[in-house]
Amino acid sequence: MAPSRVCLLAVLPLALLGLRRLLAERQHWQPDFVACENERELCGGLLTPSRGMGTLLEHGSRRMRSLAAAGRTPLALHIGADTMGNKARWADKHLYIEVLARSGLPAGALSLAFVEPLEQKKEDFWHNVKMLPVDSSRVSLVNGMVDGECRERTRSLWGFSPSVGPEFGISYGVLGGWTSADPNRARLVLEFWVDHIKKFQCHHGVQNCDDGWRRLRHLPNVSDYIKEFRVPCLTTADLLAKLGVRAEDIAMLVVDAEGFDVAIIEPLARDPSFRPGFVMWERVDNVARCEALRNSMRHRGYEVGPTHVSDVGGVSDAGNIIAVLPA
Numbered sequence: 325m326a327p328s329r330v331c332l333l334a335v336l337p338l339a340l341l342g343l344r345r346l347l348a349e350r351q352h353w354q355p356d357f358v359a360c361e362n363e364r365e366l367c368g369g370l371l372t373p374s375r376g377m378g379t380l381l382e383h384g385s386r387r388m389r390s391l392a393a394a395g396r397t398p399l400a401l402h403i404g405a406d407t408m409g410n411k412a413r414w415a416d417k418h419l420y421i422e423v424l425a426r427s428g429l430p431a432g433a434l435s436l437a438f439v440e441p442l443e444q445k446k447e448d449f450w451h452n453v454k455m456l457p458v459d460s461s462r463v464s465l466v467n468g469m470v471d472g473e474c475r476e477r478t479r480s481l482w483g484f485s486p487s488v489g490p491e492f493g494i495s496y497g498v499l500g501g502w503t504s505a506d507p508n509r510a511r512l513v514l515e516f517w518v519d520h521i522k523k524f525q526c527h528h529g530v531q532n533c534d535d536g537w538r539r540l541r542h543l544p545n546v547s548d549y550i551k552e553f554r555v556p557c558l559t560t561a562d563l564l565a566k567l568g569v570r571a572e573d574i575a576m577l578v579v580d581a582e583g584f585d586v587a588i589i590e591p592l593a594r595d596p597s598f599r600p601g602f603v604m605w606e607r608v609d610n611v612a613r614c615e616a617l618r619n620s621m622r623h624r625g626y627e628v629g630p631t632h633v634s635d636v637g638g639v640s641d642a643g644n645i646i647a648v649l650p651a
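Next up, the structure:
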């Protein structure tokens, strides 16, 4: 996926990490399918059916049409929106261009809602949303971090300061996507990114920033560039109330919450009215908890499988799990 944080939101395309997780998980479960970027691609190997992302999205489209026929306004909900600037296939703009095209609904019949904890990203977010074939009045952006329980009205997140971009000549659009409730995550992802991914995007006007990325990665005091952000904390119930929707209205759910994806989906999965046709979340380090969610979704009739991890970009971003509701 692709291609958020939520409990919090961001874009973290770490294909190698995703591959390690996938290999570990394959020892514990047999997927119903493997999601491929292309419809005719055989990415599942000999033992597991391959399904193209377009085919899988049709489950969400079917649910959208069903809700619309029942007089409801279907919702595509994305928790962990970042700036919607990921250019990979089946992520951000490409994903929602496909969603809108495949929904089969008239203009204005589908609502899109995005959640992003960092308010300073909203300008870039709306700039990217304007490139979608949708009336912006049908798009909502909620500022906050989604949590399973929210013991405080605000929560702390840690990530790189926006000043890092111009100081090192590197893209804050990438760095800012690594903001997390884990104080160490941004630093660890930076190390992995520079050592393995090596996709060095630059600050506006900078032609070559490879050295800037490496300097930041090897700074002994790199933690000095990581700051704490206090952001509103929302439970899933708070979020639905803020959007004025019910769990049953969610036709499609994408969660990219920097390791907290499962904690966000769990409360929704306990609601019998929560029946989206398509759910996608990023693989998390807690294999047991991820397995419990997979089993819960299967118990409710969903088919569950991983995205194919082959390279950085598209459905390979960090490795995701997809659950679809058969017709």
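Just so you know, my numbering puts 540 at position 216 of the sequence shown, and the rest follows in order with no gaps. Beta carbons: idealized from backbone N, C-alpha and C, even for Gly.
Taking the beta strand (DSSP E) that residue 576 falls in, what are its first and last residues?
-> 574 to 579
Alpha-carbon to alpha-carbon, residue 370 and residue 465 = Using only the alpha carbons, I get a separation of about 42 Å.
Classify residue 410 as helix, strand or coil using the three-state DSSP reduction.
-> DSSP places residue 410 in coil when its eight states are reduced to three.
Mark residue 643 as exposed unless 16 or more other C-beta atoms lie within 10 angstroms of its C-beta, in which case mark it buried.
-> buried
Three-way DSSP call (helix, strand, coil) for residue 435 in this model | strand
Which value, in whole angstroms, describes the spacing of the CA atoms of residue 445 and residue 407?
-> 6 Å
For the alpha helix (DSSP H) containing residue 614, list its first residue and its last residue.
-> Here the alpha helix (DSSP H) through residue 614 covers 611 to 623.
How long is the line joining the alpha carbons of residue 646 and residue 447, rounded to whole angstroms?
-> 30 Å
Who are the Cβ neighbours of residue 550 in its own chain at under 8 Å, not counting the five residues just before and after it?
-> 482, 483, 484, 485, 507, 510 and 511
C-beta contact flag for residue 584 and residue 505 at 8 Å | yes
How about residue 542 and residue 495: are their beta carbons less than 8 Å apart?
-> no
Tell me the start and end of each unbroken beta strand (DSSP E) in the segment 476 to 506 that is at least 3 residues and wholly inside, in chain order.
-> 478 to 484
Determine the contact status of residue 440 and residue 381, defining contact as a CB-CB distance below 8 Å.
-> Not closer than 8 Å, so no.
C-alpha gap between residue 493 and residue 575, whole angstroms | 41 Å
CB of residue 502 within 8 Å of CB of residue 513, strictly | Cβ distance < 8 Å, so residue 502 and residue 513 count as in contact.
Contact set for residue 573: own chain, Cβ-Cβ below 6 Å, skip 5 residues either direction | 396 and 399
Write down the C-beta distance between residue 621 and residue 581 rounded to the nearest angstrom, noting that I regard them as a contact closer than 8 Å.
-> Rounded, the Cβ-Cβ distance is 17 Å, inconsistent with contact.
Assigned exposure category for residue 629 - 16 Cβ within 10 Å defines buried = Under this definition residue 629 is a buried residue.
With a threshold of 16 other CB atoms inside 10 Å of the CB of residue 393, please say whether the residue is buried or exposed.
-> exposed
Unbroken alpha helix (DSSP H) run spanning residue 542, endpoints = 534 to 542
Own chain partners of residue 477 with C-beta closer than 8 Å, once the 5 adjacent residues on each side are dropped | 556 and 557
Other residues of its chain near residue 626: CB distance less than 7 Å, five sequence neighbours each side excluded = Correct list, in chain order: 647, 648 and 649.
Counting along the chain, where does the alpha helix (DSSP H) carrying residue 450 start and finish?
-> Residues 446 to 453.
What number of angstroms, rounded off, separates the C-alpha of residue 560 from the C-alpha of residue 364?
-> Taking the straight line from one Cα to the other gives about 37 Å.
Buried or exposed: residue 430, going by 16 or more other Cβ atoms within 10 Å of its Cβ?
-> Here residue 430 is exposed: its Cβ has fewer than 16 other Cβ atoms, across all protein chains shown, within 10 Å.
Length of the line joining the Cα atoms of residue 530 and residue 418 = 26 Å
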